[in-house]
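Residue numbers (the working numbering), protein chains in the order written: chain A, -18 to 340; chain B, -18 to 340.
Okay, structure first, notes after.
Number of protein chains: 2
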Amino acid sequence: VTDGAPSAVERRVADLAAAVPRVDAGAASAAQVRSDGLLKPPGSLGAVEVLGARLAAVACAVPPPVPAAPAVVVAAADHGVHAQGVTPWPQSVTASMVGAFLAGTASVNAVAAAVGARVVVLDVGCAGEVPDHPRLRRARVRRGTADLSAGPAMTREEAAGAVLAGAGLAEELVAAGVDLLVLGDMGIANTTAAACLLAACTGRPAADVTGPGAGADAAMLAHKTALVTAALDRHRLDPADPLGVLAAVGGLEHAALVGVALSGAADGVPVVLDGVNTVAAALVARAFAPDVVGALVAGHRSPEPGASVGLGALGLDPVLDLGLRLGEGTGGLLAVPVLAAAARVLTDVGAIADLAGGA
Amino acid sequence: VTDGAPSAVERRVADLAAAVPRVDAGAASAAQVRSDGLLKPPGSLGAVEVLGARLAAVACAVPPPVPAAPAVVVAAADHGVHAQGVTPWPQSVTASMVGAFLAGTASVNAVAAAVGARVVVLDVGCAGEVPDHPRLRRARVRRGTADLSAGPAMTREEAAGAVLAGAGLAEELVAAGVDLLVLGDMGIANTTAAACLLAACTGRPAADVTGPGAGADAAMLAHKTALVTAALDRHRLDPADPLGVLAAVGGLEHAALVGVALSGAADGVPVVLDGVNTVAAALVARAFAPDVVGALVAGHRSPEPGASVGLGALGLDPVLDLGLRLGEGTGGLLAVPVLAAAARVLTDVGAIADLAGGA
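Listed below in structure tokens is the structure:
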């Protein structure tokens, strides 16, 4: 698929993918056995018990650790396809919103504060300037992608560099004590790239995975869908070559989130998905390393059609279904307390065998 | 409806109901206007925006206060109808579970810890002994109800006393700084009483509102449903006389939760519902004071059929749908961080008019 031997950067991505461990099915079933013996009717905590078993599998521990230091990584980048009129928002909004994330005035900051999570922003390819801030990591691979409707969005080297930027940040955060990662995204026009990634990874037509994003009207959505169809025809994407898919039609933030997911999974940390952009990144991550899915939790169901298609392909049931379609990691963050509760139940609740006066 | 003039206790319940204020529709619409002007596409936070408007209406304030000191009130009591074989669990489990709530080894304790909520247990009518504990409030009206299938579950005076016990506890908690109340219940056999309350308040047949509760099998469920049908025939309940309904077929914990809901609403504090028992209490509370519904939030959708019937009658969409059917307040607690996020968004997020480089 590549021209010649893989580069050093590509080999590092392959090493990252190879570090993702097998899902610990033994821990998951041991967690379910433990759950069934707790002081409650078996199964009466529903999906919370299923999530507890998932956390046990990710951590290879029963009970799993209670997430105490969650962080949302908001990967931000711009998109050359913006020039094709696929969104009503100007491209400059990407950098402006990064400024808001740093100033603490965006929705992700409010939701993160509500659930006790840290916000970290990764500029992996904004076109505009963003100010220095302790919450910002600068890792620009390029100032936005090229127009995917006219040619490749970026080179394989650039895509690999963005994957490694995300992985490096995740590794740094986990080393600093972060024990749960939420994926967030910011990038005006990025739902167009996400639709291409979703179509490439699932084989579904553009119409099934293209949605209005942050406010396309019916005419703009029709144009966007036609553009995605044409891009899929042009690029002839091979789902077995995820780096090639990212380079052809992806965003730098999608690539970075692939890296966050792979690194989190490799480190045994749960990775919570947000909306359609993070679901697209998860599908690409799965193409690199199928076992990454064992570390993923679907935080919520976005009304973007591609989100449900992608979650279905990943086999993930979302924790929440609240009609959120903002991105930034907001919906993923809202699932964090449910995960904390799932781990706490397995940790704190007594055994039903100890029930005084039991049947 | 009553025999003669209402008693002093009944008059106090009527005063409590009269203290529930009108829903502040102005604050709700002002909150939605504010939400539409925040730094995000209008509506992109979906149900979180709707919840923010609801919190604004309850508090009569835009932005509404961010819930910082939530508490779950777990009202516990026993049921004479237990003798009719409507549950596989022995009656002694009620007091045993109260012991677990006090020891901190139950699911409600784990979930409350995960979301930063306080647990308060109200013994309003357990049959067995429970130990002293700072988390326990003793307000036994009687040691469990009488068998609703053979006669009234309790007197009107007793029902009113239980309502006032719940209201008094809510008032005490709010005076101590609690700013959000979650309703929780414990009472072996209480889903039978809840089904009677749901049927009385909605006019639906027993089969629509009777479920397996904490583990009835098909034969037991059929018996339970027939018993509810017979009880409805026997008692000829008048939904316009909620105290009479409670006295005939309710539980002491249902009555207490009616009091918590009415008192919370009167104090401008949001009241979060859990499963079918709390939904039944909410319907009774609405019969006392229709405006109480403005202060209610449906925390989750229990799979018990009566829960969805009741939420539909109340016009409430649940925040979560995770298949929880435990009670204790567990599902209501899981919605608390979503409410905190809804209030925080209205409080912390900047204005879209300030967006640098905007359209």
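Note that CB positions come from ideal geometry on N, CA and C, so glycine has one too.
Alpha carbon to alpha carbon, how far is residue 26 of chain A from residue 227 of chain B? 28 angstroms
Nearest neighbour of residue 402 of chain B, chosen from B/192, B/140, B/69 and B/157 [CA to CA]: Nothing in the structure corresponds to residue 402 of chain B, since chain B is present only between -18 and 340.
For residue 295 of chain A, which residues of its own chain have a beta-carbon under 8 angstroms away from its beta-carbon, when the five flanking residues on both sides are left out? 260, 263, 264, 267, 274, 277 and 279
What is the rounded straight-line gap between the Cα of residue 192 of chain B and the Cα of residue 286 of chain B? 6 angstroms
If I follow the unbroken alpha helix (DSSP H) through residue 7 of chain A, where does it start and stop? 6 to 17
Say whether the stretch 68 to 84 of chain A touches the stretch 293 to 312 of chain B, bearing in mind that this needs 3 or more beta-carbon pairs closer than 8 angstroms, one atom from each stretch. no
So, residue 60 of chain A versus residue 83 of chain A, is the Cβ gap smaller than 8 angstroms? no
Along chain B, in chain order, which residues have C-beta atoms closer than 7 angstroms to that of residue 304 of chain A? 27 and 28
Could you please give the first and the last residue of the uninterrupted beta strand (DSSP E) stretch that includes residue 326 of chain B? Segment 317 to 329 is the alpha helix (DSSP H) holding residue 326 of chain B; no beta strand (DSSP E) there.
Segment contact flag, the stretch 230 to 240 of chain A with the stretch 100 to 119 of chain A, C-beta cutoff 8 angstroms, min 3 pairs: yes
By DSSP, does residue 281 of chain B sit in helix, in strand, or in coil? strand
Measure from the alpha carbon of residue 253 of chain A to the alpha carbon of each residue in A/160, A/10 and A/-2, then state which is nearest. When each option's Cα is compared against that of residue 253 of chain A, the closest is A/160.
Shortest alpha-carbon distance to residue 142 of chain A belongs to which of A/224, A/95 and A/248? That would be A/224, whose Cα lies nearest to the Cα of residue 142 of chain A.
Can you find a C-beta in chain B that's less than 8 angstroms from the C-beta of residue 220 of chain A? no
Rounded C-beta distance between residue 195 of chain A and residue 186 of chain A? I'm assuming under 8 angstroms. Their Cβ separation, rounded to whole angstroms, is 22 angstroms, which puts residue 195 of chain A and residue 186 of chain A out of contact at 8 angstroms.
Check each candidate in A/46, A/271 and A/85 and name the one with the smallest Cα separation from residue 8 of chain A. A/46
Per-residue contacts from residue 43 of chain A into chain B (C-beta, under 7 angstroms): What residue 43 of chain A touches in chain B: nothing, since even the nearest Cβ is about 15 angstroms away.
Inter-residue CB distance, residue 53 of chain B and residue 79 of chain B (contact presumed, cutoff 8 angstroms): At roughly 14 angstroms, the Cβ-Cβ gap does not stay under 8 angstroms, so residue 53 of chain B and residue 79 of chain B are not in contact.
First and last residue of the beta strand (DSSP E) that includes residue 53 of chain B? Start and end: 51 to 58.
Buried or exposed for residue -9 of chain B, please, with buried defined as at least 16 other CB atoms from any protein chain shown within 10 angstroms of its CB. By the 16-neighbour rule on beta-carbons within 10 angstroms, residue -9 of chain B is buried.
Can you tell me which of the three DSSP states residue 165 of chain A falls into? strand
Per the contact definition of three or more C-beta pairs closer than 8 angstroms, is the stretch 215 to 224 of chain B in contact with the stretch 315 to 333 of chain B? Counting Cβ pairs under 8 angstroms, fewer than three are found: no touch.
May I ask which residues mark the beginning and end of the beta strand (DSSP E) holding residue 99 of chain A? 99 to 106
Within chain B, partners of residue 16 of chain A - CB distance below 9 angstroms: Neighbours of residue 16 of chain A on chain B: none; closest Cβ ~10 angstroms, over 9 angstroms.
Taking 8 angstroms as the threshold (beta carbon to beta carbon), is residue -18 of chain B in contact with chain A? Residue confidence for residue -18 of chain B is low, a pLDDT of 47 falling below 50, so the modelled location carries little weight; the figure read from the coordinates is stated next. So, not an interface residue.
Might you give, ordered along the chain, the residues of its own chain that have their beta carbon closer than 6 angstroms to the beta carbon of residue 13 of chain B, omitting 5 neighbours on each side? In the same chain as residue 13 of chain B, and ignoring 5 residues on each side of it, the C-beta atoms closer than 6 angstroms to its own belong to 34, in chain order.
Can residue 304 of chain A be considered in contact with the ligand NAP, in the sense that its beta carbon sits closer than 7 angstroms to one or more heavy atoms? Inclusion of the ligand NAP in the displayed structure is not the case, the ligand content being empty and no account of it being possible.
List, in chain order, every chain A residue whose beta-carbon is nearer than 8 angstroms to that of residue 325 of chain B. 91, 92, 94 and 95
Test: residue 62 of chain A CB closer than 8 angstroms to a CB of chain B: no
Do residue 144 of chain B and residue 239 of chain B count as a contact pair if the criterion is CB distance below 8 angstroms? yes
Please classify residue 301 of chain A: does DSSP put it in a helix, a strand, or coil? strand
With DSSP as the reference, identify every bridge partner of residue 252 of chain A, one or two as the case may be. A/162 and A/277
Using alpha carbons as the reference points, say which of B/250, B/184, B/134 and B/313 lies closest to residue 219 of chain B. B/184
Amino acids of chain B, ordered along the chain, whose beta-carbon sits closer than 8 angstroms to that of residue 331 of chain A: The contact set of residue 331 of chain A on chain B, defined by CB atoms closer than 8 angstroms, consists of 81, 84, 86 and 87 in chain order.
Nearest to residue 344 of chain B (by Cα), restricted to the options B/146, B/63, B/173 and B/271: With chain B represented from -18 up to 340, any question about residue 344 of chain B goes unanswered, as that position is not in the structure.
Check each residue of the stretch 189 to 204 of chain A: if its Cβ is closer than 7 angstroms to any Cβ of chain B, include it; give the result in chain order. 195 and 196
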